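Enquirer: In the working numbering, the protein residues as written are 5 to 421.
Ideal Cβ placement from N, Cα and C applies to all residues, glycine included.
Since the structure is predicted, the reported quantities are computational estimates derived from the model, not experimental observations.
I'd like to ask you about the structure that follows.
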């Protein structure tokens, strides 16, 4: 038994595992940007294993009747003011507007006055703000808002979504519930969706704060199109024409924002406020963004109200798990190399394929059943690199180090003589 453990925990296996991690760390510090890899990066760069669960195999979600999303289309301020007045008569719990009104319009002062008056009549109104990040100081140093005349009866909530990818290929997976703005005085700015959830259900913000996560992953409930439609939407013109039931808005969270010129024709359009999400059916090589920002906010509110948060595995557990999996791979590959070297290549490929399938299955199962994200990407990379780097360690690194040690030993011995 002692011989068995000695072979498993041999210095070769330990140092080979450390060597693999060292190589991975070196490559992680090098920014590779080859034009030849761009198509591959566009196809797989923003893909995560859990996207398969979100887009394909998750349980059917119930519609969220607490939230109604109203399109403002391309309406001017006077028309948006009419919308707000009509919606306000239906006695919603809170109205959130995902749109900026930064400057007054000298060419249309009537529109500004109408919007100001409409806002002043709303009991609970939340307008979006935008945090500006200072690259030199590495913190948010300013807060952009709508013009002050529109803020008299409103509170603000930042709408900065944390995205991955290039400008036209942004994927929204996470958000920051609370951000610190360090300007003339330090201010804690609450995320737009969190502010709406807190007004609708007091204590929601504390629930998030108690989780003590700087970044929260978004557990998406649904979209506004097709079988994934989980939110009730009202077209911009329908509000003005009265083509809706007022009771649908009573005591609800109303989010007003841009959903295209017409909701029915907006599914396959590009827009600066439209994002890729894990719900996208084309989870690899995505073609068109699938969700407007206002719907992303609705999903975040649903997650908060229903307490369906995504929990993240602590990084130290992920690194420890990765080291253990890498070490086990090295032990198996080393055994094959010693005992059946002629089968090393096919056998290691089979073990790699099997291990990757198992790890992907485990990651998907844990996310599906327990809403727990276990990041195994580094482990998959370590297993993929293990056979080749093990051979490099045994046939190059080890021999070179042994040669240097012998040379130093002989040199020291000659000096003493």
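Can you name, in chain order, every residue of its own chain whose Cβ lies under 6 Å from the Cβ of residue 42, other than the five neighbours on each side?
Expert: Below a pLDDT of 50, predicted positions are generally treated as unreliable, and residue 42, at 43, falls in that range; no measurement from the model is reported.
Enquirer: Would residue 301 be called buried (16 or more neighbouring beta carbons within 10 Å of its own) or exposed?
Expert: So residue 301 counts as buried.
Enquirer: By DSSP, does residue 246 sit in helix, in strand, or in coil?
Expert: Here residue 246 sits in coil by DSSP.
Enquirer: Taking residue 200 as the reference, give the member of 259, 176 and 324 with the closest Cα.
Expert: Looking at the Cα atoms, 259 is the closest of the given residues.
Enquirer: Excluding the 5 residues preceding and the 5 following residue 4 in the sequence, name in chain order all residues of the same chain whose CB lies nearer than 8 Å to its CB.
Expert: Shown here, the chain extends from 5 to 421; a query on residue 4 therefore has no answer.
Enquirer: Just to confirm my understanding: we take residue 27, look at its own chain, exclude 5 residues before and 5 after, and list those with CB closer than 8 Å. What are they?
Expert: The answer, listed in chain order, is 389 and 393.
Enquirer: Do residue 294 and residue 271 have their CB atoms nearer than 9 Å?
Expert: Cβ atoms of residue 294 and residue 271: closer than 9 Å.
Enquirer: When you compare the CB of residue 261 with every CB in chain C, is at least one pair closer than 9 Å?
Expert: Of the protein chains in the structure, only one exists, and it is not chain C.
Enquirer: Would a C-beta distance cut-off of 9 Å place residue 153 and residue 125 closer than the cut-off?
Expert: No, the Cβ-Cβ distance between residue 153 and residue 125 is not below 9 Å.
Enquirer: Under three-state DSSP, which class holds residue 303?
Expert: Reduced to three states, the DSSP call for residue 303 is helix.
Enquirer: Applying the 10 Å Cβ sphere with the 16-neighbour rule, what's the burial state of residue 500?
Expert: There is no way to answer for residue 500, as the model of the chain reaches only from 5 to 421.
Enquirer: Hey, how far is the Cα of residue 45 from the Cα of residue 275?
Expert: For residue 45, the predicted structure reports a pLDDT of 41, less than 50, and the residue's modelled location is therefore unreliable. A value from the coordinates is still provided. Cα to Cα, residue 45 sits roughly 22 Å from residue 275.
Enquirer: What first and last residue would you give for the alpha helix (DSSP H) that runs through residue 334?
Expert: Segment 319-343, the alpha helix (DSSP H) holding residue 334.
Enquirer: Looking at C-alpha atoms only, which residue of 220, 262, 268 and 102 is the closest neighbour of residue 376?
Expert: Among 220, 262, 268 and 102, the Cα nearest to that of residue 376 is on 220.
Enquirer: When you compare each of 380, 370 and 159 to residue 323 by their alpha carbons, which one comes out closest?
Expert: The shortest Cα separation from residue 323 among 380, 370 and 159 belongs to 380.
Enquirer: Measuring alpha carbon to alpha carbon, tell me which of 331, 148, 98 and 109 ends up nearest residue 129.
Expert: It is 98 whose Cα lies nearest to the Cα of residue 129.
Enquirer: On the criterion of 16 or more Cβ atoms from any shown chain inside 10 Å, does residue 228 qualify as buried, or is it exposed?
Expert: Result: buried.
Enquirer: Could you tell me whether the region 111-119 touches the region 315-335, using the rule of 3 or more Cβ pairs below 8 Å?
Expert: Segments in contact, no.
Enquirer: Let me confirm a value: residue 39 is counted as buried when at least 16 other C-beta atoms fall within 10 Å, else exposed. Which label applies?
Expert: Model confidence at residue 39 stands at a pLDDT of 44, short of 50, so the residue's coordinates are unreliable; what they give is reported in the following sentence. Exposed, because fewer than 16 other Cβ atoms sit within 10 Å of the Cβ of residue 39.
Enquirer: So residue 73 and residue 262 are in contact, right, with Cβ under 8 Å, and what is the actual spacing, rounded?
Expert: At roughly 11 Å, the Cβ-Cβ gap does not stay under 8 Å, so residue 73 and residue 262 are not in contact.
Enquirer: Using the three-state DSSP reduction, which class does residue 106 fall into: helix, strand or coil?
Expert: Coil.
Enquirer: If we ignore side chains and look at the alpha-carbon of each, how far apart do residue 86 and residue 156 end up?
Expert: If you take the alpha carbons of residue 86 and residue 156, they lie about 18 Å apart.
Enquirer: Go through its chain and collect everything with a Cβ distance to residue 244's Cβ below 8 Å, but skip five positions before and after it.
Expert: If we look at residue 244 and ignore the five residues flanking it on each side, its Cβ neighbours are 83, 86, 87 and 90.
Enquirer: Work out the CA separation of residue 236 and residue 247 for me, nearest whole Å.
Expert: Computed Cα separation, rounded: 14 Å.
Enquirer: Since residue 101 contacts residue 131 with CB under 8 Å, what's their CB separation in whole angstroms?
Expert: That belief holds up - the Cβ atoms of residue 101 and residue 131 are roughly 5 Å apart, short of 8 Å.
Enquirer: To the nearest angstrom, report how far apart residue 332 and residue 307 are at their CA atoms.
Expert: Cα-Cα distance, rounded: 38 Å.
Enquirer: First and last residue of the alpha helix (DSSP H) that includes residue 374?
Expert: Note, residue 374: alpha helix (DSSP H), 348-374.
Enquirer: Would residue 137 be called buried (16 or more neighbouring beta carbons within 10 Å of its own) or exposed?
Expert: By the neighbour-count rule (16 or more Cβ atoms within 10 Å), residue 137 is not buried but exposed.
Enquirer: Could you name the residues of the same chain whose beta carbon sits closer than 7 Å to that of residue 312, not counting the 5 residues immediately before and after it, in chain order?
Expert: Cβ within range, chain order: 223 and 375.
Enquirer: Across which residues does DSSP place residue 316 in a beta bridge pair?
Expert: 377.
Enquirer: Mind checking which residues open and close the alpha helix (DSSP H) that includes residue 177?
Expert: Segment 175-179 is the beta strand (DSSP E) holding residue 177; no alpha helix (DSSP H) there.
Enquirer: Please state whether DSSP places residue 150 in a helix, a strand or coil.
Expert: Correct three-state label for residue 150: coil.
Enquirer: Near residue 215, what residues of its chain come up, given a Cβ to Cβ distance below 8 Å and the 5 sequence neighbours on each side ignored?
Expert: The answer, listed in chain order, is 313.
Enquirer: Compare the Cα-Cα distances from residue 212 to each of 159, 291 and 195 and report the closest residue.
Expert: When only C-alpha atoms are compared, the closest one is 195.
Enquirer: Between which residues of its own chain and residue 209 is the CB-CB distance below 6 Å, once the five residues before and five after are set aside?
Expert: Within the same chain, residue 209 has close Cβ partners 198 and 202.
Enquirer: In whole angstroms, what is the alpha-carbon distance linking residue 127 and residue 106?
Expert: So the alpha carbons of these two residues sit roughly 22 Å apart.
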